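Asker:
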Amino acid sequence: MRPDDRGERRDREGQGGIPDGLLIGILGFLLGMTLLVWTAAGLAGLFVHGSWPDGVTIPRTPLAMRSLIGDAHDLAGAWPDTPADQLSGYGLFWGLFIGQLMVLVVLTVFVMGTLARWRAVRAARRAGHPYAGHVRRDTPPYEVPAPRTEPEPAPEAVRPAPEAVRPAQEPRQTASAVERRPEAVVGQHPEAIAGPAAPLGNKAPSLAETALAPLPDALTTRDTLLVAPRDSRLRSAAQAVLDAEGAALVVTSNPALWQDTKDARGKLGPVLLYDPSHLCDTPARLHWSPTSGCEDKATAAARAASLLAPVRPTSRLDQALGDTAETLLRSYLHAAAVDGRTVRHVHRWSQGSQIQDAVRILRTHPKAAAGSAGELEAALTAHPERRDMAQELTTRALAALSRVNIRESCTPHRTDTLTLDSFVHETGTLYVVGESIEDPRAEPGAMPLLTALAASVVERGRRMAERSSSGRLDPPMTLVLDDVAAVAPLPQVPELLATGADRGMPTLALLRSREQARSRWPHAELPG
């Protein structure tokens, strides 16, 4: 045989035939359909007549499938050897067949997804990915900024530091410990941040040893307000979360903070994530309803105040307007809670629709607080312009409930309620993650819901501290509030910074600037 003949023969052999994988797949599909038809026919007869039909066997099933392709309703013709009174109707048969097929598809997709995630995690671990099952706590190296050519400032113009900077290699102390530091302002000289000017012969301290140094330890005695850029806030917040001894409440707009600390915190207790905007890549999210606990009128009032905090006018001239809006929203929350209504009803009432239902519930329900119906009616019949503006505030505060994912996050399951109530005792961590919004009075998004949940957790911690013999939480519940002014501007932030440590709730508030803090809490004097 000539060489070219052998080559042509190999080409013809390579062009023909069915791939082995396709052949195995076809055989597996046919075998699976055979088993599904056989089990559907047998189970249908078992459910209807109480026994497996005679003659419904696997060898006879392929012929039955061929018959059913021609006439899907003729089960007796598909199994002629089986008495007709032992077979079920075609409806139950096909229902069982389709149900088994759906279960099989779901299980297949689940197994394939699980295997894919397992392979991805294993590959990431082999490659040394920092998020593959562990948290890297070491601070990445930073470039030392180039020395300035400007003349050195006079000693009196240099801002002294309250304490010497600790060496970077010093071990990190316990988590409940962050002392008030000078502000790390963008564009400020590193020398001004570090303290007095160093002699000309000494090496200037690097940025990692000054503004980005490890947090000092005094969070139990004095709370902290840190003003810094986004990257510095992330490192400081992660340090405080990882060092927290007891439970922790973390408010942030940066999903990386949750990603960097969740595994380490998961070794201490349950990790909860309230992320109504779906910023974090995980399906395990907490569901929480704003009506939770509002059967109590005082709780409903506090919840209404926290929901309205992002959109409420800050001017004292609008105090009456804010009080009217708070009365309306408090009444809606209280009515929904005592009557077992969902947050959808509160959303509907806040838009001015079917408010008479809320009035009727507050007037007739035995669990409603006395006088609640009269207060709601008085607010609704007050000055028309003030009432309409207050109604606009409540509508704006709950406008995010029009989005499906946010409304779904406000529909809690029973396990969500139990976990949220016990996470403080179990040394758990609650992450409240939301978008950073600088002007919430125009478009608040999910900020009112984030603020209400965080305020509810703070209030629960305060009540637990009051019930304890020492008047404080032990171990303390650390509050790490990263970008809190743009994510969840809690009304209690000034109070927490002033007296939180005395109650066992040490607080670290991280902001972009002091102007941002003054715009959120204009009537409170923040420390530092």
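Mapped onto numbering that gives the first Met the number 0, the consecutive letters of the sequence shown carry residue numbers 0 to 527.
We put the beta carbon where it would ideally sit given N, CA and C, even for glycine.
What you are looking at is a predicted structure, and each value in this text was computed from that prediction instead of being measured.
(1) Between Gly49 and Gly88, what straight-line distance do the alpha-carbon atoms span, to the nearest angstrom?
(2) When the Cα atoms are used, what is the spatial distance from Cys293 to Ser231?
(3) Does Ser291 pass the burial test, meaning 16 or more other C-beta atoms within 10 Å, or should it be called exposed?
(4) Give every residue of the same chain whose Cβ lies closer than 6 Å to the Cβ of Leu91, excluding the five residues on either side of it in the sequence, and list them in chain order.
(5) By the 10 Å Cβ neighbour count, where 16 or more other Cβ atoms means buried, how is Ile97 classified, buried or exposed?
(6) Rounded to whole angstroms, how far is the Cβ of Leu35 from the Cβ of Val249, which I believe are closer than 8 Å?
(7) By the DSSP assignment, the beta strand (DSSP E) with Val479 in it spans what residues?
(8) Taking 9 Å as the cut-off, decide whether the C-beta atoms of Pro443 and Thr313 are in contact.
(9) Would you give the residue range spanned by the beta strand (DSSP E) that Ala247 belongs to?
(10) Given 8 Å as the limit, is there contact between the stretch 331-340 and the stretch 457-473, that is, 3 or more CB pairs closer than that?
(11) Inspect the CB distances between the stretch 282-290 and the stretch 405-421 and report whether three or more fall short of 8 Å.
(12) Determine the extent of the alpha helix (DSSP H) in which Ala113 is found, giving its start and end residues.
(13) Comparing alpha-carbon positions, which option in Leu86, Gly24 and Thr394 lies nearest Ala39?
(14) Taking Gly427 as the reference, which of Arg264, Gln258, Leu256 and Val110 has the closest Cα?
(15) Could you have a look at Ala451 and say whether DSSP puts it in helix, strand or coil?
(16) Using a Cβ distance threshold of 8 Å, determine whether the stretch 396-416 contacts the stretch 361-375, with at least three qualifying pairs required.
(17) Given that a residue counts as buried once 16 or more other Cβ atoms are within 10 Å of its Cβ, and exposed if not, what is Ala183?
(18) Hey, quick one: how far does the alpha helix (DSSP H) through Val36 stretch, first residue to last?
(19) Could you give the distance in angstroms between the alpha-carbon of Leu449 and the alpha-carbon of Thr323?
(20) Please return the same chain residues whose Cβ sits closer than 8 Å to the Cβ of Lys296, not counting the five positions on each side in sequence.
(21) Mind pulling the alpha helix (DSSP H) runs of 4 or more residues that sit fully within the stretch 352-440?
(22) If you draw a straight line from the C-alpha of His72 to the C-alpha of Ile57, how long is it?
(23) Residues in the same chain with beta-carbon distance under 7 Å from Gly54, minus the five sequence neighbours each way, listed in chain order, please.
(24) By Cβ distance, which residues of its chain are closer than 7 Å to Ala357, with the 5 residues on each side in sequence left out?
(25) Starting from Thr506, follow the beta strand (DSSP E) in both directions and report where the run begins and ends.
(26) Look up Val226 in the DSSP assignment and give the residues it is bridged to.
(27) Would you check if the distance between the CB atom of Met446 and the CB atom of Gly460 is smaller than 9 Å?
(28) Take the Cβ of Asn404 as the centre, count every other Cβ of all protein chains shown within 10 Å, and call the residue buried at 16 or more, exposed below.
(29) By the 10 Å Cβ neighbour count, where 16 or more other Cβ atoms means buried, how is Arg116 classified, buried or exposed?
(30) Count the other CB atoms within 10 Å of the CB of Ile360; is the residue buried (16 or more) or exposed (fewer)?
(31) By DSSP, does Val310 sit in helix, in strand, or in coil?
(32) Buried or exposed for Val110, please, with buried defined as at least 16 other CB atoms from any protein chain shown within 10 angstroms of its CB.
(33) Looking at C-alpha atoms only, which residue of Ala451, Gly69, Ile23 and Ala500 is the closest neighbour of Ala303?
(34) Our contact map puts Pro309 next to Leu278 with C-beta atoms below 8 Å; I'd like the distance itself, whole angstroms only.
(35) Let me know if Phe422 comes out buried or exposed under the rule of 16 or more other beta-carbons within 10 Å of its beta-carbon.
(36) What are the residues that DSSP puts in a beta bridge with Val270?
Answerer: The structure says:
(1) Counted from its first residue, the sequence shown places residue 49 at position 50. Counted from its first residue, the sequence shown places residue 88 at position 89. Distance between the alpha carbons of Gly49 and Gly88 is about 14 Å.
(2) Your numbering for residue 293 matches position 294 in the sequence shown. Your numbering for residue 231 matches position 232 in the sequence shown. Distance between the alpha carbons of Cys293 and Ser231: 38 Å.
(3) For the purposes of this step, residue 291 is taken as the residue at position 292 of the sequence shown. Buried, by the Cβ-count rule.
(4) By 1-based counting over the sequence shown, the position of residue 91 is 92. Taken in chain order, the residues that qualify are Ala43.
(5) Here the question's residue 97 lines up with position 98 in the sequence shown. Exposed.
(6) One-based indexing of the sequence shown puts residue 35 at position 36. One-based indexing of the sequence shown puts residue 249 at position 250. Between Val249 and Leu35 the Cβ distance is about 49 Å, and since that is not below 8 Å, they are no contact.
(7) Within the sequence shown, the letter at position 480 stands for residue 479. Note, Val479: beta strand (DSSP E), Thr477 to Asp481.
(8) For the purposes of this step, residue 443 is taken as residue 444 along the sequence shown, with counting starting at 1. For the purposes of this step, residue 313 is taken as residue 314 along the sequence shown, with counting starting at 1. No. Outside cutoff.
(9) Numbered from its first residue, the sequence shown carries residue 247 at position 248. Looking at the DSSP string, the run of the beta strand (DSSP E) that includes Ala247 is Ala247 to Thr251.
(10) no
(11) yes
(12) Stepping through the sequence shown from its first residue, residue 113 is reached at position 114. First, the amino acid is wrong: residue 113 is Thr here, not Ala. Tyr89 to Ala126 is the extent of the alpha helix (DSSP H) around Thr113.
(13) Against the sequence shown, residue 39 aligns to sequence position 40. Residue Leu86 is the option with its Cα nearest to Ala39.
(14) Counting from 1 along the sequence shown, the entry for residue 427 is found at position 428. The shortest C-alpha separation from Gly427 is found at Arg264.
(15) By one-based count along the sequence shown, residue 451 stands at place 452. Correct three-state label for Ala451: helix.
(16) no
(17) Residue 183 sits at position 184 when you count from the first residue of the sequence shown. Since pLDDT at Ala183 reaches only 39, below the 50 mark, its modelled position is unreliable, and the value read off the structure follows with that caveat. It counts as buried.
(18) Against the sequence shown, residue 36 aligns to sequence position 37. Looking at the DSSP string, the run of the alpha helix (DSSP H) that includes Val36 is Asp19 to His48.
(19) As a working mapping, residue 449 is identified with position 450 in the sequence shown. As a working mapping, residue 323 is identified with position 324 in the sequence shown. Distance between the alpha carbons of Leu449 and Thr323: 22 Å.
(20) The residue given as residue 296 occupies position 297 in the sequence shown. Result list for Lys296: Arg329, His333, Ala368 and Ser371, in chain order.
(21) 354-363, 371-379, 383-396, 403-408 and 413-421
(22) In the sequence shown, the residue the question calls residue 72 occupies position 73. In the sequence shown, the residue the question calls residue 57 occupies position 58. Each residue's alpha carbon lies about 20 Å from the other.
(23) Numbered from 1 along the sequence shown, position 55 holds the residue referred to as residue 54. Excluding residues within five positions, the ones whose Cβ falls inside 7 Å are Trp78, Asp80 and Thr81.
(24) As a working note, residue 357 is residue 358 in the sequence shown. Only Ser330, Tyr331, Ala334, Trp348 and Leu375 meet the Cβ criterion.
(25) Looking up residue 506 in the sequence shown gives position 507. Residues Thr506 to Leu510.
(26) Translated into the one-based positions of the sequence shown, residue 226 becomes position 227. DSSP, once it has assigned bridges, lists Leu510 as partnering Val226.
(27) In the sequence shown, residue 446 corresponds to position 447, counting from 1. In the sequence shown, residue 460 corresponds to position 461, counting from 1. For Met446 and Gly460, no; Cβs fall outside 9 Å.
(28) By one-based count along the sequence shown, residue 404 stands at place 405. It is exposed - the Cβ of Asn404 has fewer than 16 other Cβ atoms within 10 Å.
(29) On the sequence shown, residue 116 is found 117 positions in, with the first residue counted as 1. Per the 10 Å Cβ criterion, exposed.
(30) Here residue 360 is taken as the residue at index 361 of the sequence shown, counted from 1. That one is buried.
(31) Walking along the sequence shown from the start, residue 310 turns up at place 311. DSSP places Val310 in coil when its eight states are reduced to three.
(32) Taking the sequence shown and counting its residues from 1, the one referred to as residue 110 is at position 111. Exposed, because fewer than 16 other Cβ atoms sit within 10 Å of the Cβ of Val110.
(33) Position 304 of the sequence shown, counted from the first residue, corresponds to residue 303. Nearest of Ala451, Gly69, Ile23 and Ala500 to Ala303, Cα basis: Ala451.
(34) Translated into the one-based positions of the sequence shown, residue 309 becomes position 310. Translated into the one-based positions of the sequence shown, residue 278 becomes position 279. That belief does not hold up - the Cβ atoms of Pro309 and Leu278 are roughly 18 Å apart, past 8 Å.
(35) Here residue 422 is taken as the residue at index 423 of the sequence shown, counted from 1. The residue is buried, with at least 16 neighbouring Cβ atoms inside 10 Å.
(36) As a working note, residue 270 is residue 271 in the sequence shown. Partner(s): Thr428.
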